[in-house]
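Q: Okay, here's the structure, questions in a sec.
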Amino acid sequence: MFDPSAHTAFYDPSTNMIIWSNGKKWVRKDFVPFRGRWRDPQGHLISIEENGMVTFIEPKELGNYAAVVCGFYKIGINYTNYTYTAKLIDKNMLRWDNGIVWKRVDKPESCLVM
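Structure (structure tokens):
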């Protein structure tokens with residue numbers, strides 16, 4: 001049970017987290033931190049939308065994928081019966097579990113909407 005006299009929290013806009021006095025951290029489970037354009041090591045241009053749609057812009061034939069938020073700054077994409085997951089390392093790097101790193105090619109959101 002939540003006791004407001006025993007727990008306090010503050011919002012940290014630099015991380016988009018609520019940090020509680022007991023050390024717990026809450027983060028919004030949405031795609032805002034991932035939203036933008038990314039480039040993989042092969043030079044492919046990829047867009048991640050606020051609704052979680054991941055679209056290969058160049059080359060288009062690589063398709064569209066619906067991502068899911070699956071953890072703390074972590075998303076997953078199902079491809080050929082395997083779910084690949086990626087962790088947002090900082091605002092400009094997305095590291096996939098297969099070792100691939102996508103780099104942001106646009107400016108990250110400076111103000112995230114709550």
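For the sequence shown, position 28 (counting from the first letter as 1) is numbered 28 according to UniProt numbering, and the numbering increases by one without interruption. We put the beta carbon where it would ideally sit given N, CA and C, even for glycine.
Do the segment 55–63 and the segment 4–19 meet, that is, are 3 or more Cβ pairs less than 8 Å apart?
A: In short, these stretches do not touch, since the Cβ pair count stays below three.
Q: Among the residues of its own chain, which have a CB less than 8 Å from the CB of Asp30, if the five just before and after it don't count?
A: Counting from 1 along the sequence shown, the entry for residue 30 is found at position 30. Once the five neighbours on either side are set aside, the close Cβ partners of Asp30 are Glu50 and Val69.
Q: With H, G and I counted as helix, E and B as strand and the rest as coil, what does DSSP make of Lys103?
A: Counting from one through the sequence shown, the residue named residue 103 turns up at place 103. Looking at Lys103 - three-state DSSP - the assignment turns out to be strand.
Q: Taking the alpha-carbon positions, what's the Trp20 to Val27 distance?
A: One-based indexing of the sequence shown puts residue 20 at position 20. One-based indexing of the sequence shown puts residue 27 at position 27. Looking at the two C-alpha atoms, the distance is approximately 11 Å.
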